[in-house]
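Just so you know, the sequences run in chain order E and D.
Note that our numbering has the first sequence beginning at 1, numbered continuously upward.
Note that our numbering has the second sequence beginning at 513, numbered continuously upward.
Remarks on the structure that follows.
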Amino acid sequence: MSDLIEDAQPGMNAPEFSVSEISGAVKRVIEGEFAHVRVRGEIGRISRPRSGHVYLDLKDDRAVLAAVIWKGVAARMKVAPEEGMEVVATGRLTTFAGQSRYQLVIEEIAPAGMGALMAMLEKRRKALEAEGLFAPSAKTPLPYLPEVIGVVTSPSGAVIRDILHRLRDRFPRRVLIWPVAVQGERCAPEVANAIRGLNALAPDGPVPRPDLIIVARGGGSIEDLWGFNEEAVVRAAFESAIPLISAVGHETDTTLIDHAADRRAPTPTAAAELAVPVRAELLAALAGLEERRRRALARGLELRGRGLRDLARALPRPVELVEAPAQRLDYAAGRLPAALRGLVQGKQIALGRVAARLRPSDRVAQQARRLDRLAGRLPAALRLVTSQRRGRLDAAAAGLRPGLLARSARDRAVRLDALARRFGRATAAQAAGWRTRLDALERLRQTLGYKETLRRGYAVVRSGARVLTTRAEAEGAGALEIEFRDGRLAIGGAARARRDGGQEPPGQGSLF
Amino acid sequence: MSDQKPVDNMSFEDAMAELEKVVGQLESGEVALEQSIALYERGNSLKAHCEAKLKQAEEKVAQITLDSEGKPTGTAPASGK
C-alpha cells in the first residue's frame, strides 16, 4: 500500500481507495497504535441488551468515546459499571468499519471515584438542604380535589398523555399545560419560568390559576434530567405557593426538584394519582352516606314512635283512675248521716248536764236585792256631801276683809314718793357734774386755740379771708389785715379794725 | 350547629367531612328530635353540594401560549389525547 501512497500525485490524479481499503487502512493504524490503552472518564449512557454485552459511553466535558464490554469480560467484573461513575478503563481500540465508528473494547474497568457530575450534584443538594429548601415544614398539603391542574412538561410525548389518561380515569379535571423543554440548556430556565408563571396567574383572570402543579418528565440519563437539578428550578419549586408534585424520570431517578416539591411521584402516572381522588369511589362513598343518613333519621323516628306507643300502653285508662276514689267517696257518704246523728245526740247530752247545774232565777233575785240596798243609801249620802261643801265655802267667805287691801295701797304710794325724790336728787347731781366737765373742756379748748398765741405777742396777717405766711404773699396782696391780741388792724384799703374779732371765723361775717 | 358555614362556599372535602359528621350524629341517636331533623336537612344540602362538585367532572385541557420572552399570552386547546 505504501507504494500507492508514494506514487500519489496531487489533484485529480490521486490514486483511488475503495471504502473498504481506506477503512482497512484506518483499522490497521488505529489497532496498531492503540492496542493497549488506559482511558479515564465518566460512564455516560449505558445499555445492557439481552445479548449480555454491555455498551456504554465514556465521556469527559468535551468528548465521548463509545465502548463495549463483551459478555465474558462483563461477567468477570467485580463492580458493575453504572452511569455517572468515574472509571479507568483498560482495553484496545478497534474500528467498526460497517458504521465508520471506532470504539474501546474494555478488558478491565475500575471505579475512579464518584463522577464529577454526581459530586457536584451532591454538593448542591447539601447546600440547598442547609438553606432549608427541603425542610418537611416547608411542604404544603395537596388539595383534596383540585379544580384546575397546571402541568409543566413537554406538550408532546408520553408524559402528558399518561397524566391526562390517568386523570380521565380517576376524575376528569381542567388541565392547563405550560409547555417547556424538558432537556437541554433551555430546560431549567423554562421550567422555573413556568412554575413562577402559573403562580402569577390571577385567581379570576382569563387563564384560570391552577390549585395544583405537576412538573413532569419521562425517564432519561442523568444528563437528560440535569435541568431538574438546576438551582433555579429547585428554588422556583420551593417558592411555589401552589402545591407542587414532581414527577421527573423514573422511580430510581432522583433530582433535586423532588426534594423541594411538596410531593414526589415516582412516575407521571403516579403524579396524576396523587393529584385527584377517584370520582367513582367518592360517588360511592357519598351514596353510602346518603343511605346512612336516610336510615338514621327513619330509625330515630321509628324508635321514638315505638317509645311513644309503649308509654301510651302503660298509661292507665281514665275510668280506672277514678274508680277507686269513687268507691271511697261512696263508702264515706254512706257513713255520714249516722255519724252526724251520733254527734248531735252527744252534744245534747252534754248540754243537758251543763243546763242542769244552771239556775238563773236565784242569781237575778240576789243582784236585785243588792241593788235595792245600795239605792236606799244614796239620798242620805248626797245630802251629807252637800252640807259639808257649803260649810267650807262659808268659812272662806268670812275670811275675806277689804281693809287689808286699802292698807297695802297706802304703803305702795309712800314708797313711790321716796323713790321719786331719790331720782330727782340723783339727776341734779349728775347734771352739775356734766356742767363742771364742760367748763373744763372749754378752758382747754381756749388754751389750744391761736388766740392764746396772740396773747404772747404774735400776730396773724390776712388778706381778705386768706392767711398770709410769707413776705412774698404779703407783697402781692392789695389790702392786709393784722390781728393782734386785742383786735384787728387794716393796712391799706378800707378795712375797719374790729376789737371783738376772733369769735367767728374770718369771712363769715360777709354772709350777713 | 351554630357555626354552620354556607354550603355553597365549601370545598368538596369540607362538605364531605361535615356530611360524615352529620350522619354520625344522626346515627348515634343522642340528639333531640328537632335537632335531628335540622341535621338531616343540613345533610341534604351537603349531599347536594358534594354531588354537584362530583358532577363538575369535565375534562378541559388547554395549553398556555407563550410569547418570545416566555410570558403567557393566552390558551389554546390542546390535544394531548
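The beta-carbon is built from N, C-alpha and C at its ideal position, and this holds for glycine as well.
Alpha-carbon spacing of residue i relative to residue j, whole angstroms
i	j	result
D547 of chain E	A355 of chain E	Outside the modelled stretch of chain E, which goes from 1 to 512, sits residue 547 of chain E, for which no answer is possible.
R196 of chain E	S240 of chain E	7 Å
S510 of chain E	R466 of chain E	Caution applies to S510 of chain E, whose pLDDT of 44 falls short of 50 and renders its modelled position unreliable; the model cannot decide the point.
R76 of chain E	G98 of chain E	29 Å
A527 of chain D	I549 of chain D	18 Å
A202 of chain E	A284 of chain E	35 Å
R279 of chain E	A287 of chain E	12 Å
A474 of chain E	L489 of chain E	15 Å
P189 of chain E	T140 of chain E	24 Å
L68 of chain E	R50 of chain E	One point to set straight first is that residue 68 of chain E is Val, not Leu, in the sequence displayed. Between V68 of chain E and R50 of chain E, the C-alpha separation is close to 14 Å.
S47 of chain E	D57 of chain E	9 Å
D486 of chain E	G476 of chain E	26 Å
P316 of chain E	G346 of chain E	45 Å
A265 of chain E	R209 of chain E	22 Å
L256 of chain E	G184 of chain E	16 Å
K583 of chain D	R38 of chain E	50 Å
Q508 of chain E	L416 of chain E	Its pLDDT being 46, under 50, Q508 of chain E is placed unreliably by the model, and nothing is read from it.
V248 of chain E	A74 of chain E	30 Å
For residue i, the first and last residue of its enclosing alpha helix (DSSP H)
i	result
V319 of chain E	P318 to R357
S580 of chain D	That residue, S580 of chain D, is in no alpha helix (DSSP H); it is neither H nor E in DSSP.
R196 of chain E	C187 to A200
L68 of chain E	Note that residue 68 of chain E is Val in the sequence shown here, rather than Leu. Unbroken run through V68 of chain E is the beta strand (DSSP E), V64 to I69; no alpha helix (DSSP H).
D169 of chain E	A158 to R170
D258 of chain E	L256 to A260
Residue i at chain E interface by Cβ criterion, 8 Å
i	result
E589 of chain D	Looking at the sequence shown, residue 589 of chain D is not Glu but Pro. It does not; no Cβ of chain E falls within 8 Å.
E530 of chain D	no
V535 of chain D	yes
E546 of chain D	no
E539 of chain D	yes
G592 of chain D	Confidence is the limiting factor: at G592 of chain D the pLDDT is only 46, short of 50, which leaves the residue's position unreliable and the question unanswerable from this model.
G582 of chain D	yes
K565 of chain D	yes
A569 of chain D	yes
Within-8 Å CB hit, residue i to chain D
i	result
M1 of chain E	Residue confidence for M1 of chain E is low, a pLDDT of 49 falling below 50, so the modelled location carries little weight and cannot support an answer.
R279 of chain E	yes
G197 of chain E	yes
Whole-number beta carbon distance between residue j and residue i, since they are thought to touch under 8 Å
i	j	result
T95 of chain E	S20 of chain E	At roughly 12 Å, the Cβ-Cβ gap does not stay under 8 Å, so T95 of chain E and S20 of chain E are not in contact.
G91 of chain E	E42 of chain E	Wrong, their Cβ atoms sit about 17 Å apart, outside the cutoff.
A271 of chain E	I214 of chain E	5 Å
G218 of chain E	G157 of chain E	7 Å
V159 of chain E	P268 of chain E	5 Å
I242 of chain E	N199 of chain E	6 Å
L468 of chain E	R462 of chain E	7 Å
Residue range of the unbroken beta strand (DSSP E) whose run includes residue i
i	result
I245 of chain E	L244 to V248
E86 of chain E	M85 to F96
A35 of chain E	Where A35 of chain E is concerned, there is no enclosing beta strand (DSSP E), given that its DSSP letter is neither H nor E.
E481 of chain E	L480 to F484
T470 of chain E	That residue, T470 of chain E, is in no beta strand (DSSP E); it is neither H nor E in DSSP.
S463 of chain E	V460 to S463
G307 of chain E	From DSSP, G307 of chain E is part of no beta strand (DSSP E) but of the alpha helix (DSSP H) over R279 to A314.
Residues near residue i in its chain [Cβ-Cβ closer than 7 Å; skip 5 each side]
i	result
L558 of chain D	V519, A527, E530, L531 and V534
G592 of chain D	Per-residue confidence for G592 of chain D stands at a pLDDT of 46, beneath the threshold of 50, marking its modelled position as unreliable; the derived number appears in the next sentence. Cβ neighbours of G592 of chain D beyond the five flanking positions: V573.
G586 of chain D	T577
L551 of chain D	V534, Q537, L538 and V543
A110 of chain E	V87 and V88
L121 of chain E	N229
Beta-carbon contacts of residue i that lie in its chain and below 8 Å, excluding the five residues immediately before and after
i	result
L133 of chain E	V234, R235, F238, H259 and A260
E131 of chain E	none
G492 of chain E	G478, A479 and L480
Y144 of chain E	P277
The ligand HEM heavy atom lying under 7 Å from the CB of residue i
i	result
A63 of chain E	Absence of the ligand HEM from the depicted structure is noted, as is the absence of any ligand whatsoever, leaving it without description.
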